[in-house]
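Numbering (our numbering), first residue to last: 311 to 427. Beta carbons are placed, not taken as given, at the ideal position from N, Cα and C, and that holds for glycine. For reference, the structure discussed in these notes is given below.
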Amino acid sequence: LVGTQQNLDLQSTLHPQRPTINQSEILLRPTRTNDPTRGQDIASSLLNDVLFYRQATLAPNTHKAYRTHRKTYLRFCSMLNISPAPVSTVHLCLYAAYLARFLLPQSVCVYISYVGL
């Protein structure tokens with residue numbers, strides 16, 4: 311970072327009560343997700359971060375579409391009494407044939423791509 315040391319020097323001049331901090335000290339400070347003393351909490355904290363970013367990066371209509379794709383796939387798995395995961399090549403081909411009965415070919419591709427998410 312260009313000018314980082316200059317910015318820190320300026321901060322200590324403007325705010326003499328604040329200690330001067332170097333960049334490596336900032337990066338090594340524990341945060342809520344990288345504090346090794348938190349034990350098992352780090353896994354749940356990271357999972358919460360993933361869920362937050364996943365929600366924030368997809369538009370509401372994308373969430374609706376994924377929900378429809380998920381319901382359709384789970385309904386198909388239930389009809390054939392198969393496990394949704396892991397997906398075998400045979401099951402994926404059967405799912406494509408099932409979708410082709412009521413979807414356009416380009417929509418079949420979209421629904422199949424959801425299974426890989």
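Worksheet entry | Three-state secondary structure (DSSP) of Asn304 | Nothing can be reported for residue 304, as the shown portion of the chain is limited to 311 through 427.
Practice prompt. Would you mind working out which of Ser354, Leu402, Phe412 sits nearest Tyr424, comparing C-alpha positions?
Written response: Looking up residue 424 in the sequence shown gives position 114. Per the Cα distances, Leu402.
Practice prompt. Report back the beta-carbon spacing between Cys387 and Pro394 to the nearest angstrom; my notes put them in contact at under 8 Å.
Written response: Translated into positions along the sequence shown, residue 387 becomes position 77. Translated into positions along the sequence shown, residue 394 becomes position 84. About 5 Å; that satisfies the 8 Å criterion.
Worksheet item: If you drop the 5 nearest sequence neighbours on each side, which residues of the same chain put their C-beta closer than 7 Å to that of Ala406?
Response: Residue numbering aside, residue 406 sits at position 96 when the sequence shown is read from its first letter. Taken in chain order, the residues that qualify are Val418, Ile422.
Worksheet item: Do you know whose CA, among Thr367, Tyr376, Thr382, lies nearest Phe412's CA?
Response: As a first step, residue 412 must be located in the sequence shown, where it is residue number 102. The candidate whose alpha carbon is nearest that of Phe412 is Thr382.
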